[in-house]
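A short worksheet on the structure shown next.
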Amino acid sequence: MSDRGYVLVWAALMVLLGATVAASYLGLGRLGIALALGIAGVKTLLVVAYFMHLKDEERLLWIAAASGFIWLALLIVGTLDEMSYRALLP
Amino acid sequence: MQTTLEAEARLGAETARLGMWIFLATEVLFFGGLFACYAAYRFLYSDTFSLASARLDVLLGGVNTAVLLTSSLTVALAVSRSRRGRSSDAGFWLAASSLLALAFLAIKGSEYHHKFVEHLVPGPDFAFEEGSPGPARIFFGLYFVMTGLHAIHVVLGILLLGGLAVVAYTGRLRPGEDARLECAGLYWHFVDIVWIFLFPMLYLIGVSR
Numbered sequence: 001m002s003d004r005g006y007v008l009v010w011a012a013l014m015v016l017l018g019a020t021v022a023a024s025y026l027g028l029g030r031l032g033i034a035l036a037l038g039i040a041g042v043k044t045l046l047v048v049a050y051f052m053h054l055k056d057e058e059r060l061l062w063i064a065a066a067s068g069f070i071w072l073a074l075l076i077v078g079t080l081d082e083m084s085y086r087a088l089l090p
Numbered sequence: 091m092q093t094t095l096e097a098e099a100r101l102g103a104e105t106a107r108l109g110m111w112i113f114l115a116t117e118v119l120f121f122g123g124l125f126a127c128y129a130a131y132r133f134l135y136s137d138t139f140s141l142a143s144a145r146l147d148v149l150l151g152g153v154n155t156a157v158l159l160t161s162s163l164t165v166a167l168a169v170s171r172s173r174r175g176r177s178s179d180a181g182f183w184l185a186a187s188s189l190l191a192l193a194f195l196a197i198k199g200s201e202y203h204h205k206f207v208e209h210l211v212p213g214p215d216f217a218f219e220e221g222s223p224g225p226a227r228i229f230f231g232l233y234f235v236m237t238g239l240h241a242i243h244v245v246l247g248i249l250l251l252g253g254l255a256v257v258a259y260t261g262r263l264r265p266g267e268d269a270r271l272e273c274a275g276l277y278w279h280f281v282d283i284v285w286i287f288l289f290p291m292l293y294l295i296g297v298s299r
């Protein structure tokens with residue numbers, strides 16, 4: 001990627017940083033959480049694809065990269081799902 | 091056209107990158123355990139977590155995020171120079187990255203100092219009046235452990251990037267792709283990604299009340 005490309009990615013990251021901070025002042029509650037995580041996810045994808053060059057790598061590396069996040073998603077979703085049932089039990 | 095030496099270096103670097111990505115997957119779960127802990131306690135005590143988070147300095151946290159994002163840019167530029175065989179230019183960008191990382195630590199250190207002074211460190215001196223006292227301690231405990239673990243990773247990153255800056259500046263990077271630099275670059279971007287999530291989760295949940 002050219003220097004200009006890297007700087008453009010950086011600029012996008014800075015804009016998204018501003019968006020994250022601005023959105024937090026909107027007081028959106030549960031939607032705010034999803035929005036914050038969503039913006040962080042987009043920033044992560046930009047860093048992973050362009051700065052870490054995953055876009056140019058083989059699918060095998062994509063699988064290795066994705067596996068960590070998939071297992072983390074299982075951990076968090078599983079934990080929160082279990083906890084959300086506690087209030088319902090007698 | 092690349093020489094046999096460059097082709098060998100490229101194959102070595104590709105193999106090293108695969109191993110590095112697998113290592114980073116384990117690191118995702120290393121930090122991920124703490125994020126899961128955070129998610130669980132925030133789910134239970136979201137109100138107190140918001141109150142506690144409001145005591146963190148959003149401006150300093152935001153500036154630090156910008157510092158780390160910029161350091162990822164400079165590392166990417168360094169790797170780009172390295173791949174084009176411009177070793178001493180790569181050294182310059184690696185040195186810049188190390189300086190930005192040091193700036194991050196300086197800002198973090200100042201934040202920690204303020205937390206000590208304001209009695210927000212979980213322990214006998216802890217004093218936080220709002221919300222439930224237990225969950226407030228949990229929030230600040232998570233704050234120090236998560237940012238502390240991250241800061242340790244930043245220190246290691248500075249040692250790696252700084253060391254490679256010297257290697258690069260003296261023209262000793264491998265032609266084509268240098269496996270050491272490629273792996274250090276991936277490590278640093280990972281450290282940046284962890285902070286990309288830490289910042290909104292710790293600093294921004296108490297902003298709008």
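In order, the protein sequence lines correspond to chains A and B.
Mapping of the first sequence onto my numbering: position 44 corresponds to residue 44, and the numbering continues sequentially without gaps.
My numbering runs 90 ahead of the 1-based position in the second sequence.
All C-beta atoms in this analysis are idealised placements derived from N, C-alpha and C, irrespective of residue type, glycine included.
Using the beta-carbon count (16 or more within 10 Å), is residue i buried or exposed?
i	result
residue 53 of chain A	buried
residue 95 of chain B	exposed
residue 247 of chain B	buried
residue 43 of chain A	buried
residue 287 of chain B	buried
residue 11 of chain A	exposed
residue 243 of chain B	buried
residue 266 of chain B	buried
residue 155 of chain B	buried
residue 254 of chain B	buried
residue 81 of chain A	exposed
residue 86 of chain A	exposed
residue 282 of chain B	buried
residue 103 of chain B	buried
residue 170 of chain B	buried
residue 151 of chain B	buried
residue 3 of chain A	exposed
residue 264 of chain B	buried
residue 40 of chain A	buried
residue 196 of chain B	exposed
residue 256 of chain B	exposed
What are the boundary residues of the alpha helix (DSSP H) that includes residue i?
i	result
residue 203 of chain B	177-207
residue 234 of chain B	223-259
residue 48 of chain A	Residue 48 of chain A -> no alpha helix (DSSP H), and no H or E assigned at all.
residue 3 of chain A	3-24
residue 128 of chain B	94-134
residue 276 of chain B	269-293
residue 54 of chain A	No alpha helix (DSSP H) contains residue 54 of chain A, which DSSP labels as neither H nor E.
residue 153 of chain B	148-173
Measure how close the beta-carbons of residue i and residue j come, nearest whole angstrom, since I'm counting them as under 8 Å.
i	j	result
residue 21 of chain A	residue 153 of chain B	With 8 Å as the limit, residue 21 of chain A and residue 153 of chain B do not qualify as a contact, their Cβ atoms being about 11 Å apart.
residue 165 of chain B	residue 240 of chain B	Going by Cβ atoms, the distance from residue 165 of chain B to residue 240 of chain B rounds to 17 Å, so no, they are not a contact pair.
residue 142 of chain B	residue 226 of chain B	5 Å
residue 160 of chain B	residue 190 of chain B	6 Å
residue 211 of chain B	residue 230 of chain B	7 Å
residue 47 of chain A	residue 162 of chain B	6 Å
residue 290 of chain B	residue 24 of chain A	7 Å
residue 258 of chain B	residue 180 of chain B	4 Å
residue 111 of chain B	residue 61 of chain A	5 Å
residue 167 of chain B	residue 6 of chain A	6 Å
residue 198 of chain B	residue 237 of chain B	7 Å
Establish whether the CB of residue i and some CB of chain E are separated by less than 9 Å.
i	result
residue 34 of chain A	The displayed structure is made up of protein chains A and B, and chain E is not among them.
Original post:
Would you call the stretch 59-79 of chain A and the stretch 115-129 of chain B in contact, with 3 or more CB pairs under 8 Å?
Top reply: Enough Cβ pairs lie closer than 8 Å, so yes.
Original post:
If we count Cβ pairs, one from each stretch, closer than 8 Å, do we get three or more for the stretch 280-295 of chain B versus the stretch 174-183 of chain B?
Top reply: As far as the Cβ criterion goes, the stretch 280-295 of chain B does not touch the stretch 174-183 of chain B, which means the pair count is below three.
**OP:** Taking 8 Å as the threshold, find out whether the stretch 31-40 of chain A comes into contact with the stretch 179-199 of chain B through three or more Cβ pairs.
**Re:** Because the criterion of three Cβ pairs below 8 Å is not met, the stretch 31-40 of chain A and the stretch 179-199 of chain B do not touch.
Original post:
Is the stretch 55-74 of chain A close to the stretch 105-118 of chain B, with three or more CB pairs under 8 Å?
Top reply: When Cβ pairs closer than 8 Å are counted between the two stretches, the stretch 55-74 of chain A is seen to touch the stretch 105-118 of chain B, the count reaching three or more.
Original post:
Do the stretch 271-289 of chain B and the stretch 93-111 of chain B meet, that is, are 3 or more Cβ pairs less than 8 Å apart?
Top reply: Output reads yes: the stretch 93-111 of chain B touches the stretch 271-289 of chain B.
Original post:
Are there three or more Cβ pairs, one per stretch, closer than 8 Å when the stretch 217-227 of chain B is compared with the stretch 131-145 of chain B?
Top reply: yes
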